[in-house]
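For the sequence shown, counting from 1, position 85 maps to 498 in the numbering used here; every step adds exactly one. Read the structure below first, then the notes.
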Amino acid sequence: MIPALRPLPDDVTEAAWQEARRRLALILPDIPPIGLATALRGDLGALYRQVAARELRALPAEADLPPPDLPMPADPRFWPGLLARLLYDWPHRCLPDITALDQCPPPLLEPVTRALLDTGLPLDTDDAETARREAWFVELVRWIESRVLDNPQHPEARALLRGFLEGSNFLAHFRGRTDLETLARRGRLLALAACPAGPTPPPRKPGRMRLGFLVLDTEDRTETRALLPFLAGLDRTRTESFLILLHGIRSDTARSNASMAERSLDLSGVPEAERADYIRGFDLDILVFANNLLGRAGTYPRLACQRLARRQVATIASPASTGLPGIDRFLTSAEAEAGDIAGRYSEKPLLMEGLPVCFVEPPLPVNRPPEADLIDRQVADLRRAVAGSATLLLAAAHAAKLTPALRECWLSILERAPDSVLMLLPGNPGWSVPVAGRAVLRWMRDAAAARGLDARRIAVAGPYQSRAALAHLTRRADIFLDSFPYAGCASLIDPLRAGTPVVALEGGSQKERQGAALLLSLGLGGLDGLVASDPAAYADITVALAHDCGARERWRSRILARIEAAPFLDPADFGRRAAACWELLFREIMEEEAQADPLAAEALRGDVRSEGFGAGWHAAEAAGWRWSVGGDAAQMALPVPFAGPGILELALRHLPPGARGGLRLVIGGKLVPHLLFPSPDPAGAALLRLMIPEALLAGGLADIALYAPLHMAPGDPRPLGVALSRFALHPAAGTIRIDAASPLLATGWEIADGLFRLEPGRTGTIFLRQPLAGRHLLVLDGVQADAPPRLSAGGQDIALRDGIAYLPPCDRIALTAEAGLSLVGFTLSPVIL
């Protein structure tokens, strides 16, 4: 019988968590795999995940005994025992041989995979262990992908994929190298779970550039402060901005931040399975993923695997290439990276002018923050670790960035500057990932003691609850140490605003260079600057500053004189530079549209809120149409962006009974014949189309008057005519006429006596000389058939109504006649609406 263990309240003591771990370790190895798999889906599993999240393996209790040695993997008891051991040690140590997973009992495959992937933030003992851990993780991801892709529908493959989605944590994997192949494997697994990528975006609707930003929320955190400059200074006459929030708005701060966008959309109430289609409904040109797409495999990166907009962009909120198939571009710059930029990304780099990052920062605090007294005591206690006046070195790198090489560099500085002390801040408010500060302190102090250093010269501070506390601490520091190879970015803002000298290492990639890039933008680099070319120079610069109080003060004065003009604190300038990138992408989109539809570049398109409506129209309806005044001339004046004759298209949303025969169009004072076709939009009533002679478009302006019979709707006192939703004016070019006398390639047809004929049950295909570019209206001229034929274009079934259809881009047209048919010919005309 499985003992009853229930989840614990979050506020219990660490001793209670240690006891829960001990009890789990005792009972798990004795539970058969099938029973354990069932139990892990209930309260036992909830408690297991709670304990695992506490990262107790980073802080083993002195009186706590680890689980007994494991049997061989072929023994079913091995796998419950492995789950117990994973509460005490890091995954790469618990299961060094990934191929042993081939022997995992199927019921435990999902929980074991999830536990192995949740690597946490291991503090490696040395560089050799770092290499082993990284290689182990690469092999684990490779093994999972190979098993899943062998047969994605197999129950074991689905179990592995669920374990990957729930457990995978790539955060520790970014401390060192950026492994594009492993990231690509992650992207393929996420794409497999994200369902189909989605349809190719249709021809864009008319209007301004539609620019979206997809974020989790807009609460006061680092990613939000980096998001807001993107929204600053957008030209609303040119750009319609959308801020899409997965978690909604939960505070006044979040609401204020979200108000910077023209439109904010709360998706917290939209079912996860429907979110992609919901976003697609806004017909976005560009969608920017402004939060981190790496790390865990939640809803956010899964959305980035799908096609939601014409261009999808990642920012440096992601520390490396995303490897996600739905991301087209990565926003970076030549100032943020050096060397082969394109070679670091699966996406195409989108290079902007200057730094690709900026922050909206609150004013510097005037009053002492509530935590100021605590900070002052911590700093005073640490300074007392050395005799005389101590130099305070501050490092705010998150634990995810700590490596043995970085630790050795910092300890070498303490050796060479014996009057210095080091304060670490491994879990500040800018990060949402929890950190065991005592584990970091132990990791640092053990290494210091091994070198003969006084471990009391190292302390861990925080985590603090407010940014004001960080600002207060950085003003107390003498030197701020950036991390490497994973450099800081937002963590440098507070020390620079305080004037504290910051020492950084100049790397190659964005994540390695971002701290140095901030300093270089302030002119703090150069031969005698604060930016080092290698770890040895980094230590030399720091030691020299530690020994020279006057030099520190000169740097402080120089930094304070320049920080107010820092480009990474100028949202308006950043917004202008980012807008240039969006314009570049938008031009790409419009060029592609023009190539797909040659008329698009010269077409005028609009809706009921566009300019050009004159007298004879009622006000626009909120639902997206505008009624003409029945019996009167509904006037429009449209600029003509082309030379020669034109085609006017009017999409009618409502066409009252009896109006069809009473419609008249007068262009330039002349009555022009028109045709009514079925609407290409299922919600529409009809498409009105007419050709306008060039003489009636002289002067570059089309004067249009639409006359519709008077119609009175129940409950509406207005005189109504017809309801218009959209319009287009484009050149009268590109019409294709195919008749029996035209030389063409066709199969299945009998062509005789000027007619195309099909015998019952036969399919006739017409191969076009050139593939159709853009949407076309097909009219079957003189069609005679006892039953409606079936139409396909390019292999896609197309609705055919009264011999009329709307075709997508294609290179062939096929008709299947169950009862036979004959027709005179085919007319294909480009359609804009």
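All residues carry an ideal CB built from backbone N, CA and C; glycine is no exception.
One or two residues paired with residue i in a DSSP bridge
i, result
"R527", "In the DSSP output, where bridge partners are listed per residue, R527 has none listed."
"H1124", "L1133"
"D1210", "S1205"
"H1067", "A1136"
"F702", "L627, A727"
"M836", "L807, A872"
"A1227", "T1178, S1205"
"A1099", "L1065"
"I1149", "L1241"
"F550", "Partner(s): none; F550 has no beta bridge."
"I1217", "V1192, R1214"
"W1030", "S1041"
"S677", "L656"
"L1234", "L1171, A1198"
"G1059", "I1105, P1144"
"N670", "DSSP output for N670 lists no bridge partner at all."
"R709", "N582"
Host alpha helix (DSSP H) of residue i (start-end)
i, result
"E432", "427 to 440"
"P446", "446 to 452"
"D1020", "It is not in any alpha helix (DSSP H) - D1020 instead sits in the beta strand (DSSP E) that spans 1017 to 1020."
"Q566", "Careful: Q566 lies outside any alpha helix (DSSP H) and carries neither H nor E."
"I662", "Careful: I662 lies outside any alpha helix (DSSP H) and carries neither H nor E."
"Q463", "456 to 466"
"P416", "Taken as a continuous stretch (DSSP letters only), P416 belongs to no alpha helix (DSSP H), as it is neither H nor E."
"P504", "504 to 507"
Reduced DSSP category for residue i - H, G, I as helix; E, B as strand; rest coil
i, result
"P489", "coil"
"T635", "helix"
"R720", "coil"
"R623", "strand"
"G739", "coil"
"F1090", "strand"
"L483", "coil"
"E1107", "helix"
"V561", "helix"
"A979", "coil"
"D540", "helix"
"I692", "helix"
"L1119", "strand"
"L1114", "strand"
"A985", "helix"
"E1024", "coil"
"C994", "helix"
"D592", "coil"
Beta strand (DSSP E) segment containing residue i, residue limits
i, result
"T652", "652 to 658"
"P612", "Looking at the DSSP string, P612 is not in any beta strand (DSSP E), and its letter there is neither H nor E."
"A1047", "1046 to 1052"
"I1080", "1077 to 1080"
"V1085", "1083 to 1085"
"A1159", "1158 to 1160"
Segments of 3+ residues assigned as beta strand (DSSP E) that fall wholly inside the segment 858 to 914: As far as the segment 858 to 914 is concerned, its whole beta strand (DSSP E) runs of at least 3 residues are 871 to 873, 892 to 894.
contact_flag[the segment 656 to 671, the segment 586 to 593] where n(CB pairs < 8 angstroms) is 3 or more: Short answer: they don't touch.
Beta strand (DSSP E) runs contained entirely in the segment 905 to 974, provided each spans 3 or more residues: Runs found: 915 to 918.
Touching by the beta-carbon criterion (3+ pairs, under 8 angstroms), the segment 1056 to 1064 and the segment 1096 to 1113: yes
Contact between the segment 512 to 529 and the segment 567 to 584 (3+ Cβ pairs under 8 angstroms): yes
Secondary structure, beta strand (DSSP E): runs of 3+ residues fully inside the segment 1164 to 1199: 1168 to 1171, 1175 to 1180, 1189 to 1194
Validate contact between the segment 445 to 456 and the segment 415 to 430 using beta carbons, cut 8 angstroms, 3 pairs: Verdict: yes, contact present.
Whole alpha helix (DSSP H) elements within the segment 743 to 828, 4-residue minimum: List check, alpha helix (DSSP H) in window: 785 to 796.
Cβ contact (3+ pairs, closer than 8 angstroms) linking the segment 424 to 437 and the segment 813 to 821: no
The segment 894 to 902 contacting the segment 872 to 879, beta-carbon criterion three pairs below 8 angstroms: No: fewer than three Cβ pairs fall under 8 angstroms.
Any 3 or more C-beta pairs closer than 8 angstroms across the segment 875 to 884 and the segment 776 to 791: yes
Contact between the segment 713 to 727 and the segment 639 to 650 (3+ Cβ pairs under 8 angstroms): At 8 angstroms Cβ cutoff, the stretches do not touch.
Three CB pairs or more closer than 8 angstroms across the segment 904 to 911 and the segment 737 to 744: no
Touching by the beta-carbon criterion (3+ pairs, under 8 angstroms), the segment 611 to 625 and the segment 696 to 714: yes
The segment 802 to 811 touching the segment 832 to 841, judged by at least three CB pairs closer than 8 angstroms: yes
contact_flag[the segment 541 to 552, the segment 493 to 507] where n(CB pairs < 8 angstroms) is 3 or more: yes
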